[in-house]
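Colleague: Under the numbering used here, the first residue of the sequence shown is numbered 31, with each subsequent residue one higher. Every residue gets a Cβ at the ideal spot worked out from N, C-alpha and C, and that includes glycine.
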Amino acid sequence: MDPKKQSTSSSVAKGWVFLIAIFFTLTLTLTLFSISLNRTLFSEEFFKNLLVQQRVYDQVPAILAETTLPDTNAQSAPKKLFNVMSLQQVTDLYLVVLPQNYLQNQTEQILDSLFKFVNLKTYDLKIRIDLTPIKENLQGQAGTVVLNQVIAALPECNVEQIRLFSQWMLQQTTIDLSQAPICKPTEPYLSLVTPILNSYLQKYYQALPASITLIDAQTAENTEITNSQMYKTYFTIRKLLLNVPWAALFFAILLFLLNLRSLRSMFSSFGIPMFLAGGICVLVYLFAKGFGQSYLTSWAQNQPATALNSLVSIEGLVFLNQIVWVGCWIGGIVCAVGLLLQIVSVGLKK
Numbered sequence: 031m032d033p034k035k036q037s038t039s040s041s042v043a044k045g046w047v048f049l050i051a052i053f054f055t056l057t058l059t060l061t062l063f064s065i066s067l068n069r070t071l072f073s074e075e076f077f078k079n080l081l082v083q084q085r086v087y088d089q090v091p092a093i094l095a096e097t098t099l100p101d102t103n104a105q106s107a108p109k110k111l112f113n114v115m116s117l118q119q120v121t122d123l124y125l126v127v128l129p130q131n132y133l134q135n136q137t138e139q140i141l142d143s144l145f146k147f148v149n150l151k152t153y154d155l156k157i158r159i160d161l162t163p164i165k166e167n168l169q170g171q172a173g174t175v176v177l178n179q180v181i182a183a184l185p186e187c188n189v190e191q192i193r194l195f196s197q198w199m200l201q202q203t204t205i206d207l208s209q210a211p212i213c214k215p216t217e218p219y220l221s222l223v224t225p226i227l228n229s230y231l232q233k234y235y236q237a238l239p240a241s242i243t244l245i246d247a248q249t250a251e252n253t254e255i256t257n258s259q260m261y262k263t264y265f266t267i268r269k270l271l272l273n274v275p276w277a278a279l280f281f282a283i284l285l286f287l288l289n290l291r292s293l294r295s296m297f298s299s300f301g302i303p304m305f306l307a308g309g310i311c312v313l314v315y316l317f318a319k320g321f322g323q324s325y326l327t328s329w330a331q332n333q334p335a336t337a338l339n340s341l342v343s344i345e346g347l348v349f350l351n352q353i354v355w356v357g358c359w360i361g362g363i364v365c366a367v368g369l370l371l372q373i374v375s376v377g378l379k380k
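1. Under the DSSP definition of a beta bridge, which residues are partnered with Arg85?
2. Rounding to the nearest angstrom, what Cα-Cα distance links Thr216 and Tyr124 in this structure?
3. Can the beta-carbon of Ile50 be found less than 8 Å from the beta-carbon of Phe297?
4. In whole angstroms, what is the alpha-carbon distance linking Thr266 and Gln259?
5. Just checking my contact of Phe72 with Leu141 at CB under 8 Å: how many whole Å lie between their CB atoms?
6. Can you say whether Asp88 is buried or exposed, counting buried as having 16 or more other CB atoms within 10 angstroms of its CB?
7. Are the beta-carbon atoms belonging to Asn252 and Asp160 less than 8 Å from one another?
8. Below 8 Å on the Cβ atoms is my guess for Val127 versus Ile212; work out the distance and round it to an integer in Å.
9. Would you mind reading off the limits of the beta strand (DSSP E) that contains Thr243?
10. Please work out which residues of its chain come closer than 6 Å, Cβ to Cβ, to Thr162, disregarding the five sequence neighbours upstream and downstream, and give them in chain order.
11. Would you mind stating whether Ile353 and Thr98 have Cβ atoms separated by less than 8 Å?
12. In the DSSP assignment, find the alpha helix (DSSP H) that holds Arg294 and state where it starts and stops.
13. If you draw a straight line from the alpha carbon of Asn178 to that of Asn131, how long is it in whole angstroms?
14. Run through DSSP, which three-state label would Asp160 get?
15. Can you tell which of Asn135, Leu94, Phe147 and Asp122 has its C-alpha closest to the C-alpha of Tyr261?
16. Counting along the chain, where does the alpha helix (DSSP H) carrying Ile212 start and finish?
17. Return the CA-CA distance between Lys35 and Thr263, expressed in angstroms with no decimal places.
18. Per DSSP, which one or two residues make a beta bridge with Glu414?
19. Under 8 Å by Cβ, that's how I've got Ala372 and Phe286 pegged, so tell me the actual separation to the nearest angstrom.
20. In whole angstroms, what separates the C-alpha of Phe195 from that of Pro185?
21. Is the distance from the Cβ of Thr55 to the Cβ of Ala277 below 8 Å?
22. I need the straight-line Cα distance from Lys44 to Arg268, nearest angstrom please.
23. Out of curiosity, what's the CA-to-CA distance linking Arg291 and Leu370?
24. Closest to Ser343 by CA distance: which of Ser299, Ser324, Trp355 and Gly357 is it?
25. May I have the straight-line CA-CA distance separating Tyr234 from Val176, to the nearest angstrom?
26. Around the C-beta of Val364, are 16 or more other C-beta atoms found within 10 angstroms, so that it is buried, or is it exposed?
27. DSSP state of Gln134, grouped into three classes?
28. Relative to the C-alpha of Leu350, which candidate in Leu117, Gln134 and Ser66 has its C-alpha closest?
29. From Thr137 to Leu81, what distance separates their C-alpha atoms?
30. Excluding the 5 residues flanking Asn339 on each side, which residues of the same chain have their C-beta closer than 8 Å to its C-beta?
31. Is Pro225 helix, strand or coil by DSSP?
32. With burial defined as no fewer than 16 other Cβ atoms inside 10 Å of the residue's Cβ, what is the status of Pro91: buried or exposed?
33. Is it buried or exposed, Trp46, if we count other Cβ atoms within 10 angstroms and call 16 or more buried?
34. Can a CB atom of chain D be found closer than 8 Å to the CB of Ala307?
35. Identify whether Met115 lies in helix, strand or coil by the three-state DSSP scheme.
36. Looking only at its chain, what residues have a beta carbon closer than 7 Å to the beta carbon of Val356, apart from the 5 residues adjacent to it on each side?
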């Protein structure tokens, strides 16, 4: 074969290898992000496990109590009762009201529905909170405990309130606690008012809805979400991340076929892209960690010191660190393998 033609052919082959290696580097980088994000940000199991590990559900009653209080303009009897209770008393109340594992079960059901939508398994988003377990709990033994806790939390009535209490009881034709003094009367009024309060609470429990639908698949709200430009952009990016591993595999096969005649060239063709892709992945996640920590710290400093804000800032950092750790671990392994292949390639060259 003519040496000039052979040289030209070799240059063309090297040019194709170089071009495909570039495409392989780009698609492999996106693939590493896809893999790491599928194991964290797009995984309901990741969130479920972290919520349990961080004991987030144990902190919810205190958060609910904090958001319930105070409401000084409340007119309804339940809210008036809350107003005379301390934060700890309301927290203890929620601990009784919420059945065991209720918060975890409801959260996991919501996560299942949400991630089917996020991972494009469905285009209909439906988020519903089932209140039936709470109603059943309150209509059973828990209702009695709640009644006793409410009565125990009431402040003692003064003389004037006792007088108002007696007038209120004489005027009672229907149960209307909104007109009653919010205090604990002495006997015999306490024994008389306890069944009235119990009956009122039971009617209140029965009036609770069986469920609350936050987002329904058939509502205009769902259509508004799926028709928004933000969702369309997300849809495109998510589809790209789901399919980019196949593109990386395609370019990997091409590189393999083009380098069959040279083991040294094959190691180099795979080593450099893997080293670069893994390194880029690690650097991006480390940058995201620094930016995320700075943002969460700044956000926490500008928010009121509440249990909810504290939970969001602390758990936000935990979630961020876990996501970064997984991304750096995956990127680091690929980077190390790429470096090893390149070292071997250099060794073969010698």
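Modeller: Let me spell this out:
1. Position 55 of the sequence shown, counting from 1, holds the residue named residue 85. Beta-bridge partners of Arg85 (DSSP): none assigned.
2. Walking along the sequence shown from the start, residue 216 turns up at place 186. Walking along the sequence shown from the start, residue 124 turns up at place 94. Going from the Cα of Thr216 to the Cα of Tyr124 covers about 27 Å.
3. Translated into positions along the sequence shown, residue 50 becomes position 20. Translated into positions along the sequence shown, residue 297 becomes position 267. Contact flag unset, no.
4. Taking the sequence shown and counting its residues from 1, the one referred to as residue 266 is at position 236. Taking the sequence shown and counting its residues from 1, the one referred to as residue 259 is at position 229. Taking the straight line from one Cα to the other gives about 11 Å.
5. Along the sequence shown, read from residue 1 onward, the residue named residue 72 stands at position 42. Along the sequence shown, read from residue 1 onward, the residue named residue 141 stands at position 111. Beta-carbon to beta-carbon, Phe72 and Leu141 are separated by about 12 Å, too far to satisfy the 8 Å threshold.
6. The residue labelled residue 88 in the question sits at position 58 within the sequence shown. Taking all protein chains shown into account, Asp88 has fewer than 16 neighbouring C-beta atoms within 10 Å of its C-beta and is therefore exposed.
7. To locate residue 252, count along the sequence shown from 1; it is residue 222. To locate residue 160, count along the sequence shown from 1; it is residue 130. 8 Å or more divides the Cβ of Asn252 from the Cβ of Asp160.
8. Taking the sequence shown and counting its residues from 1, one reaches residue 127 at position 97. Taking the sequence shown and counting its residues from 1, one reaches residue 212 at position 182. Val127 to Ile212, Cβ: 19 Å. No contact.
9. Position 213 of the sequence shown, counted from the first residue, corresponds to residue 243. Here the beta strand (DSSP E) through Thr243 covers Ser241 to Ile245.
10. Counting from 1 along the sequence shown, the entry for residue 162 is found at position 132. Taken in chain order, the residues that qualify are Ala240.
11. Counting from 1 along the sequence shown, the entry for residue 353 is found at position 323. Counting from 1 along the sequence shown, the entry for residue 98 is found at position 68. The answer is no: Cβ separation not under 8 Å.
12. The residue given as residue 294 occupies position 264 in the sequence shown. Leu293 to Gln331 is the extent of the alpha helix (DSSP H) around Arg294.
13. Locating residue 178 in the sequence shown gives position 148, counting from the first residue. Locating residue 131 in the sequence shown gives position 101, counting from the first residue. A straight line joining the alpha-carbon of Asn178 with that of Asn131 spans about 23 Å.
14. For the purposes of this step, residue 160 is taken as residue 130 along the sequence shown, with counting starting at 1. In the structure shown, Asp160 falls within a strand segment according to DSSP collapsed to helix, strand and coil.
15. Your numbering for residue 261 matches position 231 in the sequence shown. By alpha-carbon distance to Tyr261, the top candidate from Asn135, Leu94, Phe147 and Asp122 is Phe147.
16. Taking the first residue of the sequence shown as position 1, residue 212 is located at position 182. Careful: Ile212 lies outside any alpha helix (DSSP H) and carries neither H nor E.
17. Against the sequence shown, residue 35 aligns to sequence position 5. Against the sequence shown, residue 263 aligns to sequence position 233. Legend: pLDDT at Lys35 = 48, less than 50; position of this residue unreliable, no value from coordinates given.
18. Nothing in the structure corresponds to residue 414, since the chain is present only between 31 and 380.
19. Position 342 of the sequence shown holds residue 372. Position 256 of the sequence shown holds residue 286. First, the amino acid is wrong: residue 372 is Gln here, not Ala. Between the beta-carbon of Gln372 and that of Phe286 there is about 17 Å, and that puts the pair past the 8 Å contact cut.
20. Residue numbering aside, residue 195 sits at position 165 when the sequence shown is read from its first letter. Residue numbering aside, residue 185 sits at position 155 when the sequence shown is read from its first letter. Cα to Cα, the separation comes out at about 14 Å.
21. Here residue 55 refers to the residue found at position 25 of the sequence shown. Here residue 277 refers to the residue found at position 247 of the sequence shown. Taking 8 Å as the Cβ cut-off, Thr55 and Ala277 do not qualify as a contacting pair.
22. Indexing the sequence shown from 1 puts residue 44 at position 14. Indexing the sequence shown from 1 puts residue 268 at position 238. Taking C-alpha positions only, Lys44 is separated from Arg268 by approximately 34 Å.
23. Residue 291 sits at position 261 when you count from the first residue of the sequence shown. Residue 370 sits at position 340 when you count from the first residue of the sequence shown. Straight-line Cα distance between these residues: approximately 20 Å.
24. What you label residue 343 is simply residue 313 of the sequence shown in a count that begins at 1. Looking at the Cα atoms, Ser324 is the closest of the given residues.
25. By 1-based counting over the sequence shown, the position of residue 234 is 204. By 1-based counting over the sequence shown, the position of residue 176 is 146. Between Tyr234 and Val176, the C-alpha separation is close to 13 Å.
26. Indexing the sequence shown from 1 puts residue 364 at position 334. Label assigned to Val364: buried.
27. Here residue 134 corresponds to residue number 104 of the sequence shown, with the count starting at 1. Three-state result, Gln134: helix.
28. Here residue 350 refers to the residue found at position 320 when the sequence shown is read from its first residue. It is Ser66 whose Cα lies nearest to the Cα of Leu350.
29. Locating residue 137 in the sequence shown gives position 107, where the first residue counts as 1. Locating residue 81 in the sequence shown gives position 51, where the first residue counts as 1. When rounded, the distance between both Cα atoms is 10 Å.
30. Position 309 of the sequence shown holds residue 339. Excluding residues within five positions, the ones whose Cβ falls inside 8 Å are Ala330 and Gln333.
31. By 1-based counting over the sequence shown, the position of residue 225 is 195. Helix.
32. For the purposes of this step, residue 91 is taken as residue 61 along the sequence shown, with counting starting at 1. When all chains shown are included, Pro91 counts as buried.
33. Your numbering for residue 46 matches position 16 in the sequence shown. The residue is exposed, with fewer than 16 neighbouring Cβ atoms inside 10 Å.
34. Among the chains of the structure shown, chain D does not appear; only one protein chain is present.
35. Locating residue 115 in the sequence shown gives position 85, where the first residue counts as 1. Three-state result, Met115: coil.
36. The count along the sequence shown starts at 1 and reaches residue 356 at position 326. Within the same chain, Val356 has close Cβ partners Ser66, Arg69 and Thr70.
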